[in-house]
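Visitor:
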Amino acid sequence: ILNKKIIVLPGDGIGPEVCEEAIKVLEAVADRFGHRFTFEKHLMGACAIDSTGSPLPEETLEACYYADAVLLGAIGDPKYDNNPAAKVRPEQGLLQLRKSLGLYANIRPVTAYDVLLDHSPLKNDRIAGADMLIFRELTGGIYFGEKGRTAAEAYDHCTYNREEITRIAHLAFQAAGNRRNKLTLVDKANVLETSRLWREVVQGIAPEYPSVAVDYLFVDNAAMQLILNPRQFDVMLTENMFGDILSDEASVIAGSLGLLPSASVGNIVSLFEPIHGSYPQAKGKGIANPIAAILSGAMMLEHFGLQAEADAVKEAVQNALRNEVLTPELNAVSPYTTEQVGSFIAYCVLEGVGSVPQ
Ligand code: IPM
Ligand code: MN
Numbered sequence: 003i004l005n006k007k008i009i010v011l012p013g014d015g016i017g018p019e020v021c022e023e024a025i026k027v028l029e030a031v032a033d034r035f036g037h038r039f040t041f042e043k044h045l046m047g048a049c050a051i052d053s054t055g056s057p058l059p060e061e062t063l064e065a066c067y068y069a070d071a072v073l074l075g076a077i078g079d080p081k082y083d084n085n086p087a088a089k090v091r092p093e094q095g096l097l098q099l100r101k102s103l104g105l106y107a108n109i110r111p112v113t114a115y116d117v118l119l120d121h122s123p124l125k126n127d128r129i130a131g132a133d134m135l136i137f138r139e140l141t142g143g144i145y146f147g148e149k150g151r152t153a154a155e156a157y158d159h160c161t162y163n164r165e166e167i168t169r170i171a172h173l174a175f176q177a178a179g180n181r182r183n184k185l186t187l188v189d190k191a192n193v194l195e196t197s198r199l200w201r202e203v204v205q206g207i208a209p210e211y212p213s214v215a216v217d218y219l220f221v222d223n224a225a226m227q228l229i230l231n232p233r234q235f236d237v238m239l240t241e242n243m244f245g246d247i248l249s250d251e252a253s254v255i256a257g258s259l260g261l262l263p264s265a266s267v268g269n270i271v272s273l274f275e276p277i278h279g280s281y282p283q284a285k286g287k288g289i290a291n292p293i294a295a296i297l298s299g300a301m302m303l304e305h306f307g308l309q310a311e312a313d314a315v316k317e318a319v320q321n322a323l324r325n326e327v328l329t330p331e332l333n334a335v336s337p338y339t340t341e342q343v344g345s346f347i348a349y350c351v352l353e354g355v356g357s358v359p360q
């Protein structure tokens with residue numbers, strides 16, 4: 003029996019709605035398996051700017067430091083996107099949170115679910131069976147380098163050091179060793195100095211993992227291979243911005259951006275968040291897919307060492323997919339609301355519906 007304190011940062015747009023469903027499902031897990039999870043909500047993002055002036059208030063960061071895990075919804079608001087002069091932005095809160103908590107590795111699983119193959123615009127026979135893990139470096143690169151601008155010019159520096167590459171590379175090799183033993187480093191080593199360092203470091207580490215086959219792809223080619231032949235990928239390792247871009251692309255394989263969860267890990271506390279954004283147009287309409295947030299909760303359970311509990315959530319999600327208890331982007335004919343999808347999955351967890359008989 004575990005006692006865990008989870009800090010929830012619902013954020014903006016659909017963030018609060020999808021977090022509510024993830025909490026509901028985690029509560030069902032606690033009930034069924036006899037754990038005690040407590041949830042404490044704090045402000046981050048545009049909502050935090052509105053009420054405190056800061057996208058990441060000190061007390062939010064403080065709460066995260068002392069949490070067992072953090073669950074995040076989404077952040078962002080169009081009023082900042084279209085205002086290049088905005089001094090403070092919701093995204094700064096997220097980036098500062100990642101940096102402050104040392105969340106250097108963002109793990110994004112991508113699965114082509116059999117029952118959803120027709121929802122992808124990609125051909126079934128290309129994507130069937132695709133199953134990969136993207137390891138995105140999260141606290142370095144162009145996101146965090148020196149930035150500047152004058153009236154006529156702007157720059158964003160991309161820097162990486164050996165230590166930043168080494169620590170995530172080890173995690174990616176270990177993950178590959180527990181899967182299909184294949185690691186693909188995605189870079190732009192034909193042009194970028196940082197990419198050449200990534201390659202050198204990964205080549206140096208590879209002999210420590212003799213069972214893992216390593217290959218190297220330039221990011222432009224990787225973007226093409228990802229939709230041409232996604233089954234070739236097992237673990238993909240890449241830097242911050244390439245990982246951001248390629249993981250959105252990879253969501254097309256799954257059939258909806260609303261399905262992809264992620265875990266951000268470091269040395270202090272881990273954070274779990276859907277890869278999607280705040281989808282402001284959908285806010286309050288009950289049409290946001292809560293599955294990415296719910297599966298982020300499953301990744302949290304795995305992180306706690308609760309594999310059976312995580313499997314119960316994943317089985318319940320599969321059951322929702324099989325029964326088409328899905329939001330409109332995946333079920334246009336008889337759509338369910340965000341709340342209904344969450345309640346169905348929570349019910350399945352509680353009753354063990356959809357789990358494989360022992
Ligand atoms: C993501 C998002 C963020 C990122 C934004 C909101 C700063 O796109 O988590 O993928 O670029 O990292
Ligand atoms: Mn992104």
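Residues 3 to 360 in UniProt numbering are what the sequence shown spells out, letter by letter. For every residue, glycine included, the Cβ atom is placed at its ideal position computed from N, Cα and C.
#1: To the nearest angstrom, how far is the alpha carbon of VAL10 from that of LEU173?
#2: Work out the CA separation of GLY15 and GLN283 for me, nearest whole Å.
#3: Just the C-alpha distance for ARG151 and ALA87, rounded to the nearest angstrom, thanks.
#4: Does any heavy atom of the ligand MN sit closer than 7 Å to the C-beta of ASP222?
#5: Using the C-alpha atoms, what's the distance from PRO212 back to GLY13?
#6: With DSSP run on the structure shown, which of helix, strand or coil describes ASN85?
#7: Flag this pair as yes or no: are the beta carbons of PHE235 and ALA71 separated by less than 8 Å?
#8: Provide the residue(s) that pair with GLY13 in DSSP beta bridges, ordered along the chain.
#9: Classify VAL193 as buried or exposed, calling it buried when 16 or more other Cβ atoms lie within 10 Å of its own Cβ.
#10: Measuring alpha carbon to alpha carbon, tell me which residue in PRO337, GLY131, LYS190, LYS184 is nearest VAL216.
#11: Cβ atoms of ILE296 and VAL27: under 8 Å apart, would you say?
#12: Would you list the residues whose beta-carbon is nearer than 5 Å to any heavy atom of the ligand IPM, in the order they occur in the chain?
#13: Where does SER298 fall in DSSP's three states?
#14: So does the region 284 to 293 actually touch the region 83 to 99, counting three or more Cβ pairs closer than 8 Å?
#15: Are there any heavy atoms of the ligand MN lying less than 7 Å away from the beta-carbon of ASP236, as far as the coordinates show?
#16: What's the gap between the Cα of MET238 and the Cα of ARG110?
#17: Going by DSSP, which residues form a beta bridge with PRO111?
#18: Ends of the beta strand (DSSP E) at ALA265?
#19: Pick out whichever of GLU42, LEU58, ASP83, GLY78 has its Cα sitting closest to the Cα of TYR68.
#20: Using the beta-carbon count (16 or more within 10 Å), is GLY245 buried or exposed?
#21: By the three-class DSSP mapping on this structure, what secondary structure does MET226 have?
#22: Can you find a heavy atom of the ligand MN that lies under 7 Å from the Cβ of ILE277?
#23: Does DSSP put LYS190 in a helix, a strand or coil?
#24: State buried or exposed for ASP52, treating a residue as buried only when at least 16 other CB atoms are found within 10 Å of its CB.
#25: Apart from the five residues just before and just after ILE170, which ones in its own chain have a Cβ nearer than 8 Å to its Cβ?
#26: Under the assumption that GLU311 contacts VAL31 (Cβ atoms under 8 Å), give the Cβ distance between them as a whole number of angstroms.
#27: Where does ILE8 sit, in a helix, a strand or coil, going by DSSP?
#28: Beta-carbon within less than 8 Å of LEU352's beta-carbon, same chain only, minus the 5 sequence neighbours each way: which residues are those?
#29: Please state whether DSSP places GLY344 in a helix, a strand or coil.
#30: Cβ-heavy atom distance between residue 361 and the ligand MN below 7 Å?
#31: Report yes if the C-beta distance between TYR145 and TRP200 is below 8 Å; otherwise report no.
#32: Cutting at 7 Å between CB atoms, please list the residues of its own chain near GLY147, excluding the five before and the five after it.
#33: Could you please give the first and the last residue of the uninterrupted beta strand (DSSP E) stretch that includes ALA156?
#34: Examine the Cβ distances between the region 299 to 314 and the region 334 to 343 and report whether three or more of them are shorter than 8 Å.
#35: When you compare the CB positions of LEU103 and CYS66, do they come within less than 8 Å of one another, or not?
Guide: So, to answer that:
#1: Approximately 26 Å, taken between the alpha carbons.
#2: Their Cα atoms are separated by approximately 8 Å.
#3: Rounded to whole angstroms, the separation of the alpha carbons of ALA87 and ARG151 is 12 Å.
#4: For ASP222, the shortest separation between its Cβ and any heavy atom of the ligand MN does not lie below 7 Å.
#5: Pairing GLY13 with PRO212, the inter-Cα distance amounts to about 43 Å.
#6: For ASN85, the secondary structure class from DSSP, reduced to helix, strand or coil, is coil.
#7: PHE235 places its beta carbon 8 Å or farther from that of ALA71.
#8: Paired residues: ALA76.
#9: With fewer than 16 other Cβ atoms within 10 Å, it is exposed.
#10: It is LYS184.
#11: Yes, the pair counts as a contact, with Cβ atoms nearer than the cut-off.
#12: Residues with their Cβ less than 5 Å from any non-hydrogen atom of the ligand IPM, running along the chain, are GLU93, ASP246.
#13: Here SER298 sits in helix by DSSP.
#14: No, because fewer than three Cβ pairs between the region 284 to 293 and the region 83 to 99 fall closer than 8 Å, the two stretches do not touch.
#15: No, the ligand MN has no heavy atom inside 7 Å of this Cβ.
#16: Taking the straight line from one Cα to the other gives about 10 Å.
#17: Paired residue(s): LEU135.
#18: It spans 265 to 267 - the beta strand (DSSP E) in which ALA265 sits, taken as one unbroken run.
#19: Minimum Cα distance to TYR68 is reached at GLU42.
#20: With 16 or more Cβ atoms within 10 Å of its Cβ, GLY245 is classed as buried.
#21: Helix, per DSSP.
#22: Yes; taking the cut-off as 7 Å, the Cβ of ILE277 has a heavy atom of the ligand MN nearer than that.
#23: Coil, per DSSP.
#24: Of the residues assessed, ASP52 falls on the exposed side of the cut-off, its CB having fewer than 16 other CB atoms within 10 angstroms.
#25: TYR106, ALA107, PHE137, GLU139, LEU239.
#26: Right, their Cβ atoms sit about 5 Å apart.
#27: Reduced to three states, the DSSP call for ILE8 is strand.
#28: Its chain contains ALA30, ASP33, ARG34 as the residues whose beta carbon lies nearer than 8 Å to that of LEU352, once the 5 sequence neighbours on both sides are disregarded; these appear in chain order.
#29: Helix.
#30: Since the first residue shown for the chain is 3 and the last is 360, residue 361 is missing from the structure and cannot be characterised.
#31: Note that the C-beta distance between TYR145 and TRP200 is not below 8 Å.
#32: Sequence-distant Cβ neighbours of GLY147 in its own chain, meaning closer than 7 Å and more than five residues away, are ASP158, HIS159, CYS160, THR161.
#33: Segment 156 to 158, the beta strand (DSSP E) holding ALA156.
#34: Between the region 299 to 314 and the region 334 to 343, the count of Cβ pairs shorter than 8 Å is below three; the stretches do not touch.
#35: The answer is yes: Cβ separation under 8 Å.
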